[in-house]
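In the UniProt record's numbering, the protein residues as written are 1 to 179. All C-beta atoms, glycine included, are put in the ideal place defined by N, C-alpha and C. Here the structure is a predicted model, which means the values were calculated and not measured.
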């Protein structure tokens, strides 16, 4: 066994257990995943979700009611917005305030923890805006090369390491020159 590795089952390591009962943050499991990674992965999954990013961005402007938030985001179903807000509330990123009116008014706002997430979310949004054209160009090049690569036999995906035909290479060059 390599130094720093363990025979502890991943399920035990994810639960924070080690053979001697300790739980060091850098404990490496049998699947080479540290306990810290196991703790961070669900958080990254939550904050990296498309709807979470949009909700955090819009709530960063100030508290909002449900329907106003839904209109601002656009394209999100009532159910998905409800699930996203509940998850963010559970994670301590959003507060839900119910006002005793008829009908009841509900307002959502970022908590202090949620506001601390706003800076990295906006930085990622800005990065995406700055690099969107380069990413689209890279995707178009990749897609053109993939389309030019002919399957080895009848309709399956091209084999790893296969190369486009001379005609396919010319077609890709032509597509790239049109840009």
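- Taken through DSSP and simplified to helix, strand or coil, residue 59 comes out as helix.
- Within 10 angstroms of the beta-carbon of residue 97 lie fewer than 16 other beta-carbons, which makes it exposed.
- Restricting attention to 56, 85, 144, the CA atom closest to the CA of residue 106 is found in 85.
- In the three-state DSSP reduction, residue 109 falls in the strand class (E or B).
- Around residue 115, the same chain offers 60 as residues with beta carbons nearer than 8 Å, after the five sequence neighbours per side are excluded.
- Ranked by Cα distance from residue 117, the options 94, 145, 141, 38 are led by 94.
- With a beta-carbon spacing of about 6 Å, residue 46 and residue 87 fall inside the 8 Å limit used to define contacts.
- Its Cα nearest to that of residue 82, the residue 55 stands out among 102, 55, 101, 92.
- No Cβ-Cβ contact shorter than 8 Å links residue 110 with residue 92.
- By the neighbour-count criterion, in which a residue is buried when 16 or more other Cβ atoms sit within 10 angstroms of its Cβ, residue 35 is buried.
- Short of 7 Å from the beta carbon of residue 121, and not among the five residues preceding or following it, lie these beta carbons of its own chain, in chain order: 53, 56, 57.
- Residue pairing of residue 94 in beta bridges, as defined by DSSP: 110.
- Secondary structure note for residue 149: it is in no alpha helix (DSSP H), with a DSSP letter that is neither H nor E.
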